[in-house]
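Asks: One structure coming up, written as structure tokens, with questions to follow.
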Amino acid sequence: MKYFWIQLVLILGSVSLALMFIRNWDQAKTRAWKRIAFSVFVVVNVYAVLRPTDVTWLAHALGVGRGTDLVLYVMVLAMGFLTLNTFLRFRSLEKKITDLARTVALSEGVRHNGERLGQDAVSPIVPTGSAPSAEPEAAVTAEVASDSVKA
Numbered sequence: 022m023k024y025f026w027i028q029l030v031l032i033l034g035s036v037s038l039a040l041m042f043i044r045n046w047d048q049a050k051t052r053a054w055k056r057i058a059f060s061v062f063v064v065v066n067v068y069a070v071l072r073p074t075d076v077t078w079l080a081h082a083l084g085v086g087r088g089t090d091l092v093l094y095v096m097v098l099a100m101g102f103l104t105l106n107t108f109l110r111f112r113s114l115e116k117k118i119t120d121l122a123r124t125v126a127l128s129e130g131v132r133h134n135g136e137r138l139g140q141d142a143v144s145p146i147v148p149t150g151s152a153p154s155a156e157p158e159a160a161v162t163a164e165v166a167s168d169s170v171k172a
């Protein structure tokens, strides 16, 4: 009964995280291995809260002095993983936004020049080394495809 309240708070916190994760399952668009890893994390967390002496035993078996130190080391690794994962996701989104902005800028430039100079006066944008196309839209698409950054 001595540790009942802190165990209750920690288990309720773990269960609430699991419920939020499950509730936003489709919205999170997480990969299967991330779902499995999070589920294992919740189960191990609840077990560690209920049986802290087992964590201390595992720490001693791994050569770490205390169970709390082992938990701290694992949490530092998990935080590093989360930071790296977030960085890579943001970098991927930045590349996609850059490609989209380039595509919009090129198509708007061709449309604006077409309006300003008249449709017949606009010369299509043709990538270097290609033959001119009869349709300006096809030439713009080819230019955008060759100019975009490949991820």
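To get this note's numbering, take the position in the sequence shown, counting from 1, and add 21. Ideal Cβ positions, reconstructed from N, Cα and C, are used throughout, including at glycine. Being a predicted model, the structure only gives us computed values, none of them experimental.
1. Would you please state the rounded distance, in angstroms, between the beta carbons of GLY84 and THR77? I believe it to be under 8 angstroms.
2. Please say whether LEU98 and VAL63 have beta carbons closer to each other than 9 angstroms?
3. According to DSSP, simplified to helix, strand and coil, what is ARG87?
4. For my contact list, LEU31 and VAL70 are in at a C-beta cut-off of 8 angstroms; report their separation, rounded to the angstrom.
5. Starting from TYR24, trace the alpha helix (DSSP H) both ways and give me its first and last residue.
6. Do ALA82 and ASP90 have their C-beta atoms closer together than 9 angstroms?
7. Under a three-way DSSP split, which group does GLY135 fall into?
8. If you draw a straight line from the C-alpha of ASN106 to the C-alpha of PHE59, how long is it?
9. Distance, Cα to Cα, LEU93 vs PHE102?
Replies: Once the coordinates are examined:
1. That belief does not hold up - the Cβ atoms of GLY84 and THR77 are roughly 13 angstroms apart, past 8 angstroms.
2. At the C-beta level, VAL63 and LEU98 stay beyond 9 angstroms of one another.
3. Shown here, ARG87 sits in coil according to DSSP, grouped into three states, outside any helix or strand.
4. About 5 angstroms separates the two Cβ atoms, so the contact holds.
5. Note, TYR24: premise wrong, no alpha helix (DSSP H); not H, not E.
6. No, these two residues do not count as a Cβ contact at 9 angstroms.
7. Here GLY135 sits in helix by DSSP.
8. Going from the Cα of ASN106 to the Cα of PHE59 covers about 14 angstroms.
9. If you take the alpha carbons of LEU93 and PHE102, they lie about 14 angstroms apart.
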